[in-house]
Amino acid sequence: MRLLANYDWGLIWENKEDLLRGLLVAIQVAAVALVLSVAIGLVLALLRLGKPPVSWLAAIYVNVFRGVPALVSVIWVYFGWSLVVGISFTVFQAGVIALTLLYSAFISEIYRAALQAIPKGQREAGLALGMHPARIFVQVTLPQATKIAIPNIGSMFIGMIKDTSTFTVIGLLELVRVTQNLNSTTFQPFVLYTAAAGLYVAAAFFFDFLFRAFEKTLTTPPSGGIARAAAGRRRRRIELVMKDVEALSGKT
Amino acid sequence: MRTPASTSSSRQEGSTEVSRASLADAERASRLVVELKGIKKSFGSVEVLHGVDLKVHSGEHVVIFGPSGSGKSTLLRTINLLEEPSAGSVRVLGVEYGPGLPGERAEKRGGPLQLRRHVGMVFQQFNLFPHLTALHNISLALRSVRSLGRREAEEKAGIALRQVGLLPWAGHFPGELSGGQQQRVAIARALSLDPEVMLFDEPTSALDPELVGEVLAVMRALAESGMTMVIVTHELNFAREIGDFNVFMDEGLVVESGPRGFLDICENARTKRFLKAVL
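Taken in order, these protein sequences are the chains called A and B. Just add 38 to the spot in the first sequence (first one is 1) and you have the working numbering. Just add 382 to the spot in the second sequence (first one is 1) and you have the working numbering.
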C-alpha cells in the first residue's frame, strides 16, 4: 500500500481535461468508423452471400483485413497512400479509414451470419405477398438480422475504441498519445496508463449500456424505457385505427 | 368427371333472385383461374414432380392430399412461382408464367411480381414478420404491394383483422399470439390484397389440436364467401366437407382425382390404402 501511495495519483485529476479530450477523440474516430463499417460491412456481406466471382473477392477482402493489425493498417493509409497515390489524409481521416478497412471485414461476417439466421420463410412470405425483393430485404430481413447483429457490433465498437490507441503512431491526439505526452514531462507511467485503462473500461461500460438499450428497442415486444416511449406512440396509433375500423363496421 | 358448378346449382331454391345469383356463380365458375400443365420440377438431379396437370376454376375449392414427399406442397408452390417449374405451363388468369410446354409456341409471359398480385398464400409455419405487430404485418404488405399511404393501409389492415376476428389484437406482436391467432393474421394478411385465389400449404399442421378449429372456421367462412381456394391438407374431414375437387398425389404424380364425395368413392388401391391409414 505504501508503494502505491508513493505514486502521484493527483496527476490524474490535474490532467483530467486532457485525458478526457483524448478519450473523446478516440470515441469520435471509432464512431465515424463504426457507421462506415456497418454500411460497408453490410454490402460486403451481401456480396459474399451472392454469386462467384464477386463473392470470392468479398471473401478475400474479409480475410485480408481481418488479419491486418490496426497499427499496420493506419501506417498504410497515412504514410503509404501519400507516397503511392499522392493523396494525404489528416490524422483523423487516416484513423477512420484504417479502422473502417478492418472493421468492415469483421462486421460483414457478423451480418452474414445474422442474415443467414433469418428463416427463409420470411423472404418467401414477402414474395408470396408480391413484395419486391429489395423491399423484403429492407423491411423484413434487415431489421431482423440487425437485431441479431447488434450485440456483436457493440463488442466491435468497444474493440474499435481500443484500437485507436495504436494511432498514436501517426500522432493522433487520442487517449494513449495524450498519456504519452503527459508521461514525458511527469515520468509517472504507472499512474497515467492506469488512468487511461480506467477510461477505456468506463467507455466500454457506457457503450455496452447504450447498445443494450438499443437492442431492447428491437426485441418484440420492445422492453426498456426508450422503447416503451416509442411503443406508447405506436400503441396509441393502433388504438386509433382500431376505433376507426370499429366505427366503420358500425355503419355498414 | 368434374362439375364445377354443381355446388351452386344444388343450392337453387326457386326464387328468381337466388337462381340469378347462381347463374352468375356458374358463369364465374367456368372461368379458369389456375391451369397447370405438364409441371415437372427437379431439385438437383432428383425429379419430384413428373408432369402434373391441375385446373382450378373460379369459386372452386380444390383439395390436394397425399403422403409426405408426394410433391403436393411443391406443386402448390409452383402456382405462385415460389418453386420455378423445370418444365410445364403455369397459367393464372390466362397469362402464362411458366417455362411452357415443349412444342407449344412461346407466349407472352408475365413476371412473378405480377402473378403474385393475384395469388395469396398461407404457409404451414405462418411466416408472420416477428418484428411487426399484427396490424403492421398486414399494412406493410398493403403499402409495398398496393402503394397505399400509411393511414389507408392501416385502416384496410384493421378491416382485414376484423374479418378474422382479431381486431382487438392489432397491436400485438406474433410472439404474443397463439399459433391459431398467428395463422388467422396470416390469412388476413393474404386476403387484404384481394387475391383471385388463395393457396393454403398445410395451414393447420403446425397447430395444437385445440387451435385447429378456429383456423378451419376462418377458412370455411372464406370458402362460403366464394373465394377460389387450393388447399394442401391432412385434415381429411375438412377436405371432405369443403373440397369441390379432390386430388390425391403420390411420388410426384396425381394418382387419382374426383369431385365432391371423392373420399368415399375413390377406386385406386394406393388412395384407399392412404385413406385407410389416415382416417
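Yeah, the Cβ is synthetic: ideal placement off N, Cα and C, and Gly gets one too.
Express the C-alpha separation of A:A233 and A:L85 in angstroms, rounding to a whole number. 43 Å
Do we get a CB-CB distance below 8 Å when we pair A:R273 with the residues of chain B? yes
Considering Cα atoms alone, identify which of B:G531, B:E442, B:Y479, B:K423 is closest to B:T610. B:E442
Within 8 Å (strictly less), CB to CB, does A:L57 reach chain B? no
Give the range of the beta strand (DSSP E) segment to which B:F425 is assigned. 414-425
For B:F555, return the contacting residues in chain A, with the cut-off set at a CB-CB distance below 8 Å. T258, P259
Could you pull the DSSP bridge partners for B:G502 from this structure? B:M580
What is the DSSP secondary structure of B:F555, counted as helix, strand or coil? coil
Would you call the segment 179-186 of chain A and the segment 218-234 of chain A touching, i.e. three or more CB-CB distances under 8 Å? no
Return the first residue and the last residue of the beta strand (DSSP E) that A:F205 is part of. It is not in any beta strand (DSSP E) - A:F205 carries neither H nor E in the DSSP assignment.
Assuming B:G470 is part of the beta strand (DSSP E), what are its boundary residues? 469-474
Using a 10 Å radius around the Cβ and a threshold of 16 neighbouring Cβ atoms, would you call B:R602 buried or exposed? exposed
Buried or exposed, going by whether 16 or more other CB atoms sit within 10 Å of the CB of B:P467? buried
Ranges of the alpha helix (DSSP H) found wholly within the segment 610-646 of chain B, counting only runs of at least 4: 618-624
Rounded to whole angstroms, what's the CA-CA distance from B:I520 to B:S639? Just pull it up for me. 35 Å
8 Å Cβ cutoff met for B:V629 and B:I446: yes
Have a look at the DSSP bridge pairing and note the partners of B:G482. B:G470
Given that A:G270 touches chain B, what residues does it touch there, using C-beta distances under 8 Å? Per Cβ cutoff of 8 Å: no residues; A:G270 is ~11 Å from chain B at best.
So is B:E536 in contact with chain A if we call contact Cβ pairs under 8 Å? yes
Starting from A:M280, find everything on chain B with Cβ-Cβ shorter than 7 Å and list it in chain order. G540, L549, A552
Do B:E417 and B:R473 have their C-beta atoms within less than 8 Å of each other? yes
Would A:D282 and B:E537 be called neighbours here (beta carbons separated by less than 8 Å)? yes
State the Cα-Cα distance for the pair A:G270 and A:V279, rounded to the nearest angstrom. 14 Å
Cβ neighbours of A:K185 in the same chain (closer than 6 Å, five flanking residues each side left out): L256
Name, going along the chain, the residues of the segment 162-175 of chain A whose beta-carbon falls closer than 7 Å to a beta-carbon of chain B. E162, A163, L165, A166, L167, G168, M169, H170, R173
Whole-angstrom distance between A:L87 and A:S93, CA atom to CA atom: 6 Å
Tell me the rounded alpha-carbon separation between A:R161 and A:I188. 21 Å
Cα separation between A:L49 and A:Q226? 9 Å
Are B:S450 and B:Q506 close, meaning C-beta to C-beta below 8 Å? no
If we define contact as Cβ-Cβ less than 8 Å, is B:Q564 a contact residue for chain A? no
Do you know how far the Cα of B:T615 is from the Cα of B:A664? The question about residue 664 of chain B has no answer here: the residues shown for chain B are numbered 383 through 661.
Determine whether the Cβ of B:Q394 lies closer than 8 Å to any Cβ atom of chain A. With a pLDDT of 40 at B:Q394, under the threshold of 50, the modelled position of that residue is not reliable, and no figure is offered here.
Buried or exposed, going by whether 16 or more other CB atoms sit within 10 Å of the CB of A:E52? exposed
Segment limits, alpha helix (DSSP H) that includes B:R439: Per the sequence shown, residue 439 of chain B should be read as His rather than Arg. Here B:H439 belongs to no alpha helix (DSSP H); instead the beta strand (DSSP E) covers 428-439.
Can you list, in chain order, the residues of the segment 502-531 of chain B whose Cβ is nearer than 7 Å to any Cβ on chain A? M503, F505, Q507, N509, F511, P512, H513, T515, L517, L522, A523, S526, V527
Separation of A:L140 from A:N101, as counted between CA atoms: 10 Å
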